[in-house]
Structure formats: structure tokens, C-alpha cells
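With the first letter of the sequence shown counted as 1, position 187 gets the number 186 in numbering that gives the first Met the number 0; the numbers rise by one all the way through. Positions of the beta carbon are idealized from the N, C-alpha and C atoms, including for glycine.
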Amino acid sequence: MSVPKFPSALCFLGLIGCGIPPVDTTLVSKTPADAKSFAVAKQAVRACKSLTNREKNFLRAGFGYSTQPVALRKGREISRIIVLSPNDAVSVLIDGSSCYVGLENMTPSQSYELAQIWVQSYSAQPNSAHGNGLSDHVSGAWRNFFTEPARFPDKAAYSHRVYIASYKTWPHGPYDPQRNIAYDIGDIFPNNKPGAVVKLTHAIECEPIVSTGPRSGAFLPCSGPAFRPK
């Protein structure tokens, strides 16, 4: 998985100037989601925190999890992960290294609370710790960049970039009715009732290398990251 390009990362973090439409305040919930639905959303967030065990974690929590083909334009087809929630108010979207968990009637403060599961799991720091602000779209944004060191003789180093955001309402896109990509946000999250999402992106990058120095000549492959969130 590749690390997001720098401008895209800034937009993800909720920084100003990314050409994002204004917040639709009619979709910002003022009445909190009920405790039962919020508990299911927490289960989804916990299931999504690990890239390597997502399917097992979702199935264990009572969600449906499958990979299905999606027809795109010009006869193209792509696989997409489908997560079915046991609670109609909870929606999940997995797109590559990103996971969105949405909840109808979730307020911005509930969204912020929900994101803390990921913040603690990845020891992420708020944008303010890096001198960055927030756009009106999010109630909080956090990140953590770190490198998992190489392990001799069988693993190259892995670079990790973790981005977390708690949105005030539903994500702004992509909207893709023409089916150029694997999903349309409008198919996943309702755009006619209040609610919000939290989003985790965990981008991992590795390049196999031939080592130098005392262990010169050893080939270190990308055999899989050892890091696991808390």
C-alpha cells in the first residue's frame, strides 16, 4: 500500500484550501445517536483498526463481510469489500487502506469520542501538535508517522502513516454515479438525514533492499509488517 500524496494527505487531515464544499449544516445532528447503535459503531471501529485481521474481526462482531465484483464503465470490473451491519443505523466502507464508520444521528461530539478508539490504538497526535488547524468539516483530526525497523535476515523496514478524522457529518465524496471507481459515497451513507462518520487511513510502504554495513549483501524482502495496533 502506498503512502498518500502530500496534498491529498493535507486535505484528509481537514486542512483549509482543498476545494471541499461547505458543510451542510442540515445534516449535522443535534440529537445524539442512541446508545445501542453507538455501541455497534464502536464494534465496527474496533474491527477496522487492524489491516490484517479486519474480516475475522467483523465476522466475530456479527457483521457480514464479503468481496463482490463491481461493474464499472467500459466493461471494466473491480472487487469491492462489502460490510453488512447488524444495525441499520451503522454503515461501513472499506476502500483500500481507508475505513469509514458512519452512524445516523451521530453528533460531532460523539464522532470525536468514537475516533478515540483509533487515536489510542495508534498513539496518534492531534493536528495542533504539528501546528496545523482544522476545517469546518471535522471535529478532530490526528496522525502518526513512524518507521518499523528492518529485521535481519528476513524483513525490510516499513514506513507507516496513520491519519484519523472525526467528521461533523457525512463525507463529502467521492460521488461517482458514472461508475468510474468502485463505489459512490451516496450508495453507502445517507445524504438525507443527520449523521456523521469517522475515518481511519493506515498507509504502509516498504521497499525491499540489499543491506549495507556489517551485514552487507543480505536481501531484506517485504515479508509483511510486524506492527499491530493496541
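Cross-strand partners of residue i (DSSP beta bridge)
i, result
"R150", "K154"
"D87", "None, per the DSSP bridge assignment."
"T200", "S97 and Y162"
"A195", "L102"
DSSP three-state assignment for residue i, whether helix, strand or coil
i, result
"P21", "coil"
"K55", "helix"
"R227", "coil"
"I15", "For I15, the pLDDT reaches just 44, beneath the cut-off of 50, and the residue's location in the model is therefore unreliable, although a value from the coordinates is still provided. Reduced to three states, the DSSP call for I15 is coil."
"A217", "coil"
"K167", "coil"
"V244", "Because the chain here runs from 0 to 229, residue 244 falls outside it and cannot be looked at."
"S222", "coil"
"F188", "coil"
"K48", "coil"
"K35", "helix"
Cβ pair residue i, residue j closer than 9 Å
i, j, result
"Y157", "F218", "no"
"V196", "Y162", "no"
"N86", "K192", "no"
"S36", "V89", "yes"
"Q124", "R150", "no"
"P207", "P220", "yes"
"K154", "S222", "yes"
"S28", "T146", "no"
"L199", "V44", "yes"
"S78", "Y111", "no"
Reference residue i, options the options, closest by Cα
i, options, result
"D23", "L199, G194 and D153", "G194"
"T25", "S65, T168, V209 and C221", "T168"
"I116", "Q42, V91, P224 and R72", "Q42"
"G95", "I203, V209 and P224", "I203"
"P189", "G61, R72, K73 and G101", "G101"
"T30", "K55, Q109, Y99 and L58", "Q109"
"I187", "L71, V209 and C98", "C98"
Proximity test, Cβ basis, 9 Å: residue i and chain B
i, result
"H129", "Within the model displayed, chain B is absent; a lone protein chain is all it includes."
beta-carbon residue i near the ligand MG non-hydrogen atom, thresh 8 Å
i, result
"V137", "Ligands are entirely absent from the displayed structure, and the ligand MG is therefore not among its contents."
Complete beta strand (DSSP E) runs within the stretch 60-139 (minimum length 3 residues, chain order): 63-70, 76-83, 89-94 and 97-103
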